[in-house]
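Trainee:
In our numbering, the protein residues as written are 4 to 89.
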């Protein structure tokens, strides 16, 4: 199913990335439920990292908002899995 997500600004992108990454990772392994992953994705540090990465992709690399959301989300999923040995 295709969903239309409107990214009007960086904060929309940050919220979208955090939500989709949380949903993707929740339940991937014991101890990584929706609440636990969500808490980690919404820390100040995580949100700042997402914001910085998104802004870098759209400004320095010239990605479209859609491409930047995808790239940052994929990278965040890989980083989370590596950090937790998944």
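Every residue, glycine too, gets a C-beta built ideally from N, C-alpha and C.
1. On the three-pair Cβ rule with 8 Å, is the segment 56 to 73 touching the segment 30 to 40?
2. If you draw a straight line from the alpha carbon of residue 50 to that of residue 23, how long is it in whole angstroms?
3. Considering Cα atoms alone, identify which of 13, 6, 9, 7 is closest to residue 59.
4. Going by DSSP, what residue range makes up the alpha helix (DSSP H) through residue 64?
5. Kindly list the residues whose CB is nearer than 8 Å to the CB of residue 20, restricted to its own chain and excluding five residues on each side of it in sequence; keep chain order.
6. With DSSP as the reference, label residue 87 as helix, strand or coil.
7. State buried or exposed for residue 16, treating a residue as buried only when at least 16 other CB atoms are found within 10 Å of its CB.
Mentor: This is what the structure gives:
1. no
2. As a working mapping, residue 50 is identified with position 47 in the chain shown. As a working mapping, residue 23 is identified with position 20 in the chain shown. Using only the alpha carbons, I get a separation of about 13 Å.
3. Position 56 of the chain shown, counted from the start, is the residue given in the question as residue 59. Distance from the Cα of residue 59 is smallest, within the candidate group 13, 6, 9, 7, for 13.
4. Counted from its first residue, the chain shown places residue 64 at position 61. First-last for residue 64: undefined, no H or E at that position.
5. In the chain shown, residue 20 corresponds to position 17, counting from 1. Correct list, in chain order: 53, 57, 72, 75, 76, 79.
6. Residue numbering aside, residue 87 sits at position 84 when the chain shown is read from its first letter. Here residue 87 sits in coil by DSSP.
7. Walking along the chain shown from the start, residue 16 turns up at place 13. When all chains shown are included, residue 16 counts as buried.
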